[in-house]
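Beneath this line is the structure, given in structure tokens, with notes to follow.
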Amino acid sequence: MASDSNEAIFIGHSEEPDCGHPQFLNLKRANRHGLIAGATGTGKTITLQGLAESFSQQGVPVFLADVKGDLAGMAMAGSPDSKLHEPFTKRAAEIGYDGYAYADNPVVFWDLFGEQGHPVRTTISEMGPLLLGRLLQLNDTQAGVLEIAFRAADDEGLLLLNLADLQSLLLWTAENRADLSKKYGQVSSASVGAIQRALLQLDSQGGARFFGEPAMEIADLMRVEEDGRGQVNILAADKLMQSPRLYSTFLLWLLSELFEALPEVGDPDKPKLVFFFDEAHLLFDDAPKVLLDKVEQVVRLIRSKGVGVYFVTQNPVDIPEEVAGQLGNRVQHALRAFTPRDKKAIRAAAETFRENPALDVETAITELRTGEALVSTLMEDGAPSVVQRTLVKPPRSRAGPLTAKERAIIRSISPFADKYDHEVDRESASEVLAAKAADAAQTAEAVDREGVEAVRKEPRRTSSIWEKAGKAAVDAAAASAGGMIGRKLSGRTSRASPTKSAAGAAAGTIGTELGKAIGFPGLGRFARGLLGGLMR
């Protein structure tokens with residue numbers, strides 16, 4: 005008999021003649037990442053569901069994307085009335101799954117579109133030009149112009165929160181391209197126009213909903229319930245998959261946020277968070293080398309933050325070698341050998357396992373039944389275990405979708421309903437640039453009407469730098485005080501919090517305005533960087 009323990013997660017039971025034994029995933033090695041691969045219909049989703057349940061039971065929060073809608077059922081216990089009841093209970097008995105019983109999980113639903121879960125948002129500034137360039141499918145020249153626009157916004161103290169801010173910034177960049185080209189490098193109207201068209205396309209796909217506030221706080225993904233179970237975060241991705249680049253860019257952004265926000269912990273007794281990346285090939289399709297290097301770096305280093313990343317894909321060759329070499333825990337379901345590429349994939353998959361003299365791995369991969377897999381995990385000493393043909397355990401929660409009513413009930417009892425469901429619209433780049441444009445238009449009209457000399461003698465239409473600095477400081481102080489009180493009450497911290505955005509913007513505004521006055525245009529970046537370092 006076998007089941008989960010405080011040290012290991014039960015995966016299933018090997019089927020070796022006369023020597024079969026339970027297969028476990030060592031929790032101390034679970035942050036060394038993993039791979040779940042196999043053709044459609046071979047059991048990948050059930051394997052993912054079973055692992056996610058077990059991680060939650062051991063107090064490890066989980067984040068996963070629900071591409072087909074089937075994983076939403078994790079919020080509900082399985083049922084004896086289900087058509088899967090008989091095969092699941094039969095399988096549990098066959099593998100000696102001790103204490104197998106139906107149970108639900110502490111699920112929180114998320115959705116970039118805010119329809120099937122709490123909205124997931126970040127700001128344009130937090131996303132940054134590199135990931136935005138991938139999301140917008142920009143070429144090198146266009147990506148360079150976007151980088152210049154971000155640099156200029158930084159120098160001008162402009163807060164970039166949503167797509168409207170970025171559109172306003174690009175319009176301002178086009179209008180001032182001559183001056184910007186002298187300061188930062190060539191800015192062409194054609195490149196700016198291409199970026200604007202890409203933004204329109206992203207907006208038409210619903211991407212605008214992803215950018216804004218309140219931004220997601222990483223700590224809210226890592227909650228542990230009072231009963232000790234880790235929170236299961238499920239991203240509704242069925243609609244999102246219609247925009248695969250948005251899907252993959254979001255997940256890469258989330259990984260990057262986790263990497264930057266979490267402290268170093270080495271190899272903990274169990275992971276701080278486990279992240280399942282379904283349809284993982286989308287992350288690497290047509291990705292430029294600079295982005296692949298970033299993915300490889302994040303995957304390599306994030307394990308020391310206690311985060312385990314498990315890639316889920318149909319074909320293991322979809323994962324670049326630099327990344328695949330870091331995936332220590334492997335569950336390989338059946339692959340089909342119809343083409344030379346298929347045969348190459350099977351051969352490559354077989355070569356990644358530690359050899360088992362009693363098992364022809366290359367042949368076994370094509371013969372596995374649904375629910376069977378070849379399993380190899382990292383042992384206590386960090387070495388991979390000998391590959392075993394394994395019958396994977398059944399899940400305890402529902403294997404299938406929720407009804408709309410069930411999903412609504414789960415969402416209504418979420419601890420985050422009041423926090424994320426309503427968007428906040430603060431003054432940011434679009435409003436600031438619009439005000440500047442309006443002021444410039446009024447000044448031009450006055451010049452036409454009264455003449456240059458008369459307008460020069462009029463009182464200033466805009467606040468002085470000291471008035472701007474004072475207002476920014478007061479706003480930032482108020483935001484900071486409110487944020488600190490909120491964090492004290494809720495115990496939350498996050499680098500993406502509105503408090504930090506407000507304070508950083510205020511510091512940048514003060515520094516930028518003073519810098520212009522004293523001839524130090526980089527002071528805004530310096531102030532933001534200094535404040536950012538102090539607030540981490």
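Following our numbering, the numbering of the sequence shown begins with 5 at its first residue and continues without gaps.
Cβ coordinates follow ideal geometry from the N, Cα and C atoms, glycine included.
Please identify the residue among I369, M78, R453, G118 whose C-alpha is closest to the C-alpha of L339. Closest by alpha carbon: I369.
Self-check item: Own chain, CB closer than 6 Å to P65, minus 5 neighbours either side, in chain order
Solution: Answer for P65: M226, G234, Q235, L277, listed in chain order.
Specify whether the segment 307-325 and the segment 28-39 touch according to this definition: at least 3 beta carbon pairs, one from each stretch, less than 8 Å apart. Enough Cβ pairs lie closer than 8 Å, so yes.
- Task: May I have a chain-ordered list of the alpha helix (DSSP H) segments no shorter than 4 residues that lie completely inside the segment 358-442?
- Result: Taken in chain order, the complete alpha helix (DSSP H) segments of 4 or more residues contained in the segment 358-442 are 365-371, 408-416, 421-424.
Who pairs with Y106 in a beta bridge, going by DSSP?
-> DSSP output for Y106 lists no bridge partner at all.
Notebook entry, point to check: Since E57 and N109 are thought to touch, with beta carbons under 8 Å apart, how far apart are those beta carbons, to the nearest angstrom?
Noted result: Between E57 and N109 a beta carbon distance of about 6 Å is seen, short of the 8 Å cut, so the two are scored as contacting.
ask   = Count the other CB atoms within 10 Å of the CB of A500; is the residue buried (16 or more) or exposed (fewer)?
value = With a pLDDT of 41 at A500, under the threshold of 50, the predicted position of this residue should be treated as unreliable, and no value is reported.
Is N10 buried or exposed, if buried means 16 or more other CB atoms sit within 10 Å of its CB?
Counting the other CB atoms within 10 Å of its CB gives N10 a total below 16, which places it among the exposed residues.
Just mark H17 as buried or exposed, buried being the case when its beta carbon has 16 or more other beta carbons within 10 Å. In the assembly as shown, H17 is a buried residue. Its beta-carbon has 16 or more other beta-carbons within 10 Å.
Ordered list of alpha helix (DSSP H) runs contained in the segment 243-269, each at least 4 residues: Counting only runs of 4 or more, we get 248-265.
Query - Reduced DSSP secondary structure (H/G/I, E/B, other) of R491 - result: Annotation note: pLDDT 35 at R491 (below 50); position unreliable, coordinate value reported separately. Helix at R491.
Item to check | CB contact flag (L259, V191, <9 Å) | outcome: The answer is no: Cβ separation not under 9 Å.
Which stretch, first to last residue, makes up the beta strand (DSSP E) that contains H17? First-last of the beta strand (DSSP E) with H17: 12-18.
Notebook entry, point to check: Can you give the Cα-Cα distance for I413 and D422, rounded to whole angstroms?
Noted result: Note on geometry: alpha-carbon atoms of I413 and D422 lie some 15 Å from one another.
Next on the checklist: Given this structure, state the Cα-to-Cα distance separating R307 from N180, to the nearest angstrom.
Outcome noted: The alpha-carbon of R307 is positioned some 44 Å away from that of N180.
Item checked: Check whether P287 and L256 have beta carbons under 9 Å apart -> What sits at residue 287 in the sequence shown is Leu, not Pro. L287 places its beta carbon less than 9 Å from that of L256.
request  = Ignoring anything shorter than 4 residues or poking outside the segment 323-363, list the alpha helix (DSSP H) runs there in chain order.
outcome  = Runs of the alpha helix (DSSP H) inside the segment 323-363: 325-328, 344-355.
Run through the DSSP bridge pairs and tell me what Y101 is partnered with. Beta-bridge partners of Y101 (DSSP): A6.
Measure the C-alpha to C-alpha separation of T381 and V365 and round it to an integer number of angstroms. In this structure, the alpha-carbon of T381 lies about 16 Å from that of V365.
- Chain-order list of residues whose beta-carbon lies under 7 Å from that of A202 (same chain, five-residue window excluded): Apart from the 5 residues on each side of it in sequence, A202 sits with its Cβ closer than 7 Å to the Cβ of L140, Q141, L142 in its chain, given in chain order.
| task | Say whether the segment 60-78 touches the segment 331-349, bearing in mind that this needs 3 or more beta-carbon pairs closer than 8 Å, one atom from each stretch. | result | By the Cβ rule, the segment 60-78 does not count as touching the segment 331-349, because fewer than three pairs are nearer than 8 Å.
Taking 9 Å as the threshold (beta carbon to beta carbon), is E217 in contact with chain C? The chain labelled as chain C is not found in the depicted structure, where only one protein chain is given.
Margin query: Can you look up E454 in the DSSP assignment and give me helix, strand or coil?
Written below: The answer is helix: DSSP assigns E454 an H, G or I state.
task = With DSSP as the reference, please indicate the residues paired to V66 in a beta bridge.
result = According to DSSP, V66 bridges with V236, V278.
### Query
With DSSP run on the structure shown, which of helix, strand or coil describes D231?
D231: coil per DSSP, three-state reduction.
Is the beta carbon of L136 less than 9 Å from the beta carbon of A403? Taking 9 Å as the cut-off, the Cβ atoms of L136 and A403 do not count as close.
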